[in-house]
Amino acid sequence: MLGKPPHSRVVFQFGHQLGTMDQTEFQNNYRIIVEKIFNNWQNLRLAVEHGMGGRNGHQIAIDIMDYTYQYCIGNDKITEGELQDVIEELMDQEFDTICEDGSVSEICRHLLRYKEMSLQSKYAEIETELSRLPQGNVWLRKDVKINYTPIDDSSEDEGSDESTDGDDGMDVDEPSSSSKRTSKTKQEDEFVEPEPGWTTVRSKRK
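Residue numbers for the sequence shown follow UniProt numbering, beginning at 1 and rising by one.
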């Protein structure tokens, strides 16, 4: 079952005539799929909660989801690489963030696979697979309040300064903690076919 408040189950819409009805059915059902996948993308949520998109980060994330949906249904032939470039560019431009764990590639692969399955009306198979995702994890809606927890670089800098007070004055070049951040979630928060390092996020800010 697909979780989407206020109902506990989202039922795919099925048409029985070819033409406009099929296209409307496809678009409505594919929208449900895109929302389900994006709502379970932990990298995007972390970027928003850590303030990488500013105070408008929540709306920006919703816009990225909407744009990805429109891009997928508006183009007949999309390669995984092309879709990945689009999403990575959006994450870079809007959140100054690079996902180093392969999650963008995984999302693109599933989005295109489910698009083809939707065009073939294989909604029962899609729903079975999506039912493996955590339920009730819908946050990409305007009525959901996001708790922002920006990373405080100043405290990290102070800690690093204190740790070097007792050395021999040797300068050691190490990556700045503010230029590369990694956060991980539990296995149950991962995608249908989880891969190691699902929630690695690197901020490009310095």
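We put the beta carbon where it would ideally sit given N, CA and C, even for glycine.
Fair warning: this is a prediction, and the values are worked out from it, not measured in the lab.
- Message: Between 132, 140, 127, 104, which has its C-alpha nearest residue 33's C-alpha?
- Response: 127
- Query: What's the C-alpha gap between residue 31 and residue 150?
  - Reply: 31 Å
- Three or more beta-carbon pairs under 8 Å between the region 101 to 119 and the region 60 to 67, yes or no? no
- Query: Which of helix, strand or coil does DSSP assign to residue 87?
  - Reply: helix
- Message: Using only the alpha-carbon positions, how far apart do residue 103 and residue 83 sit?
- Response: 13 Å
- Task: May I ask you to report which of helix, strand or coil DSSP gives residue 30?
- Result: helix
- Item | Cβ-based burial, residue 47 [other Cβ within 10 Å; buried from 16] | buried
- Query: Short check: CB of residue 105 to CB of residue 80, under 8 Å?
  - Reply: yes
- Alpha-carbon spacing of residue 144 relative to residue 137, whole angstroms: 11 Å
- What's the gap between the Cα of residue 134 and the Cα of residue 107? 16 Å
- Query: For residue 52, which three-state DSSP category applies?
  - Reply: coil
- Message: For the alpha helix (DSSP H) containing residue 60, name the first residue and the last one.
- Response: 57 to 74
- Query: Measuring CB to CB, does residue 118 end up less than 8 Å from residue 26?
  - Reply: yes
- Message: Spatial neighbours of residue 125 within its chain, please: C-beta separation below 7 Å, excluding the five flanking residues on both sides.
- Response: 117
- Flag this pair as yes or no: are the beta carbons of residue 139 and residue 55 separated by less than 8 Å? no
- Secondary structure of residue 126, DSSP reduced to three states: helix
- Task: Classify residue 148 as helix, strand or coil using the three-state DSSP reduction.
- Result: coil
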